[in-house]
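First up is the structure itself, then whatever we jot down about it.
In this note's numbering, the protein residues as written are 173 to 247.
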């Protein structure tokens, strides 16, 4: 039976990674990332902003409606 290790606990050679090596690996992985362009970033921001505003409006209207209903029933 083979022993299993937690994922990411040690490298494949069984030795711990030094902080310097860890930092270099992070930088190498971040260089692989495809960063959004400024136009994409603006578009994503506006989509998220509109979505949040719509959800806030729906939640606010439901809160107002339920509040009035509670005051009519118990008030």
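The C-beta atom is built at its ideal place from N, Cα and C for all residues, glycine as well.
In this structure, the alpha-carbon of residue 244 lies about 15 Å from that of residue 234. Annotated as distal: residue 197 and residue 209, with beta-carbon spacing of 9 Å or more. Here the alpha carbons of residue 227 and residue 242 stand approximately 22 Å from one another.
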